[in-house]
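In the numbering used here, the protein residues as written are 2 to 527.
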């Protein structure tokens, strides 16, 4: 019967294998609905891409998504002669897309995280009923290996078993949760504005995202800024309605504590709106329902005690040592950057009368890890719908890109480590400034620095056989050499650190001096 009782624990981890991006080309032709007038000029197009499914198929990851286009155009003159309110129109198109990410031969049991951004989009008039849309989607993906390892935490049994422990900092995946938030908004048009004839666009932006971790639970919250662009009835004016809806939810996640780290991604997954009449029977109410979906993951970064070495002075023991490459999250940080610049019109002679709406998105173009710091470069892509003075076709859209820089301190970060950065647009405003459009935006960047380490630790301890170690009656005088430790000497001569400390009346057993003489009871057995 074994005299050893080994206590083991398991740790689950995720290791970042690689992080990169790939492009998906968009190219298509679309017919506008019969209910819409003929096109004279395409003003611009906005697009939103959403990942709907991802699946690992052998050595590939299949990514499926949905594209929603909103294209703005000016109708032909004969179509607007009877009603000036039809000065601008919009039409929506929906299209599915699919792409594949190649995996390496050793990338098994992987987790793939994918986000998509519209890198470029443009619409071109083919004829009065058909438009061509070309663009590029950038798929940003991270491949993680999911694994677990077992280690010996402690050993019990025979009373004289000596144990040397060490501390390691490890990241473990403590839990993850799919989240879904449902929001509603009812926006009313005041009597000083025209009632609604048609909605041109409805945009939503999540901001002030927050996650709080408690004992066995998580709290998620965010604001959703809504902007509805509509055509006023019996007028050429384009109007806007705005709302900012707060959503929150508490979810149970057993085993987590408030000292742990977290990551969260979420986006508007689906939305529907309807125009209804107010008490006077006028179309002045917009009812909007939307669904936000996302994922929360909670990691621990804790110091654990595990066995580095063990022996018994009177019994043979065999230690099985394992070697593991694991991923470590060095740290994470959020940074808020103010972005300011001006967008110039193509025609300098055009005078801006009014800015109708502004939308945008943030993208990362470069990232660098330095000692205790990360540096980030990115751009804010901006689209502005404005009204010009004294123009026959008074509405127009101008686009531009504004660069920004950001940095964050992450203790322990070093050159060569991996970094994952995500950017989100917190808010964006536009104003007229000397016949240019001044853009003011706030960008939130979230950085996570990771690296790989090889670790060795004891994975099992077994009885080394029935042969017993026997001490001899002699005493050894040992001269301490360079690099000697009390643990090594006690193990070699089948004694204990406590016995050596007491016999040699040592005040500081942790520091042995080279040349120092020690009395060791018994004799080494080889």
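Even glycine gets a Cβ: it sits at the ideal position worked out from N, Cα and C.
All of these numbers come straight from a predicted model, not from anything done at the bench.
Among the options, the one whose alpha carbon lies nearest that of residue i
i: residue 190; options: 224, 232, 309; result: 232
i: residue 501; options: 99, 519, 515; result: 519
i: residue 402; options: 420, 421, 365, 23; result: 365
i: residue 11; options: 312, 174, 452; result: 174
i: residue 464; options: 159, 405, 424, 185; result: 159
i: residue 203; options: 350, 405, 72; result: 72
i: residue 426; options: 33, 209, 311, 8; result: 209
i: residue 324; options: 454, 396, 257, 351; result: 454
i: residue 124; options: 31, 6, 340, 96; result: 31
i: residue 360; options: 335, 339, 386, 375; result: 386
i: residue 24; options: 57, 315, 120; result: 120
i: residue 450; options: 297, 369, 440, 435; result: 369
i: residue 1; options: 418, 252, 118; result: This structure cannot speak to residue 1, because the chain is shown only from 2 to 527.
i: residue 276; options: 416, 266, 287; result: 287
i: residue 363; options: 354, 36, 400, 381; result: 381
i: residue 102; options: 136, 68, 57; result: 57
i: residue 20; options: 521, 506, 423, 264; result: 423
i: residue 486; options: 206, 161, 512; result: 512
i: residue 172; options: 247, 17, 404; result: 17
Strand pairing of residue i, partner residues [DSSP]
i: residue 37; result: Answer is none; residue 37 lacks a bridge partner.
i: residue 50; result: 68
i: residue 58; result: 61
i: residue 477; result: 521
i: residue 13; result: 149
i: residue 234; result: DSSP lists no partner for residue 234.
i: residue 491; result: According to DSSP, residue 491 bridges with nothing at all.
i: residue 167; result: 307
i: residue 528; result: Given a span of 2 to 527 for the chain in the structure shown, any question on residue 528 remains unanswerable.
i: residue 176; result: 299
Cutoff 7 angstroms; reference residue i; Cβ partners in own chain excluding five residues on either side
i: residue 517; result: 481
i: residue 70; result: 46, 48, 93, 94, 134
i: residue 39; result: 76, 77, 80, 129, 130
i: residue 84; result: A caution first: residue 84 carries a pLDDT of 47, below 50, which makes its placement in the model unreliable, though a value can still be read off. Correct list: empty, nothing qualifies.
i: residue 312; result: 163, 318, 492
i: residue 243; result: 227, 228
i: residue 410; result: 334, 373, 374
i: residue 74; result: 40, 42, 43, 44, 90
i: residue 140; result: 22, 23, 25, 64, 100, 115, 117
Beta strand (DSSP E) segment containing residue i, residue limits
i: residue 211; result: 197-215
i: residue 426; result: 419-434
i: residue 242; result: 239-253
i: residue 304; result: 284-312
i: residue 483; result: First-last for residue 483: undefined, no H or E at that position.
i: residue 269; result: 262-278
i: residue 328; result: 316-344
i: residue 512; result: Looking at the DSSP string, residue 512 is not in any beta strand (DSSP E), and its letter there is neither H nor E.
i: residue 114; result: 111-128
i: residue 97; result: 90-103
i: residue 413; result: Careful: residue 413 lies outside any beta strand (DSSP E) and carries neither H nor E.
Residue i CB to nearest heavy atom of the ligand GDP below 7 angstroms
i: residue 511; result: The ligand GDP is not among the ligands present in this structure, which contains no ligands whatsoever.
Cut-off 6 angstroms between Cβ atoms - residues of its own chain near residue i, not counting five sequence neighbours on either side
i: residue 458; result: 152, 307
i: residue 65; result: 53, 54, 99
i: residue 9; result: 151, 153
i: residue 336; result: 407, 409, 446
i: residue 215; result: 259
i: residue 181; result: 294
i: residue 503; result: none
i: residue 320; result: 459, 462
Close Cβ partners of residue i (< 8 angstroms) along its chain, the five nearest in sequence each way excluded
i: residue 112; result: 15, 144, 145, 146, 147
i: residue 527; result: Any reading at residue 527 needs caution, since the residue's pLDDT is 45, under 50, leaving its predicted position unreliable; the model's value is listed next. Hits under 8 angstroms: none found.
Extent of the continuous alpha helix (DSSP H) to which residue i belongs
i: residue 500; result: 498-504
C-beta neighbour in chain C for residue i, strict 8 angstroms
i: residue 25; result: In the structure shown, chain C does not exist; there is a single protein chain.
Would you call the stretch 197-209 and the stretch 232-243 touching, i.e. three or more CB-CB distances under 8 angstroms?
yes
Mind the definition here: the stretch 320-332 touches the stretch 222-231 only if three or more C-beta pairs lie below 8 angstroms; say whether that holds.
no
Any contact of the stretch 296-303 with the stretch 259-273, i.e. 3+ C-beta pairs under 8 angstroms?
yes
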